[in-house]
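A.B. asks:
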Amino acid sequence: MDQPITDQLKGELARWRLLFCCEDCLHHCEARQACDLLYPEEPHRRASFERGERLVFCKMFEVR
Ligand code: SF4
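Sequential numbering of the sequence shown, starting at 0, is according to numbering that gives the first Met the number 0.
1) Can you find a heavy atom of the ligand SF4 that lies under 8 Å from the Cβ of residue 60?
2) Just the Cα atoms here: how many angstroms apart are residue 53 and residue 37?
3) Is residue 40 near the ligand SF4 - that is, is its Cβ less than 8 Å away from at least one heavy atom of it?
4) Could you pull the start and end residues of the alpha helix (DSSP H) that residue 54 belongs to?
5) Nearer than 8 Å: is that true of the beta carbon of residue 36 relative to any heavy atom of the ligand SF4?
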């Protein structure tokens, strides 16, 4: 999923406390700061979301 970050989306993410970044994913390795499935994390990291204009949701995301 790749969609623009709107005020409505930000509100819904906060209201429902939705998790969607690599830092919240079961496959994110803290020690290596990398994805155990070898996917590129940069588009899905929290920092990318916070400075970006689009939310890019990883289809392999699994909440930890
Ligand atoms: S599976 Fe996707 S969301 Fe999870 S750590 Fe890897 S790149 Fe990030």
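Backbone N, C-alpha and C define an ideal beta-carbon position, used for all residues, glycine too.
Treat the numbers as computed from the prediction; the structure is a model and nothing was measured.
C.D. replies: Looking at the coordinates:
1) yes
2) 22 Å
3) yes
4) Unbroken run through residue 54 is the beta strand (DSSP E), 53-55; no alpha helix (DSSP H).
5) yes
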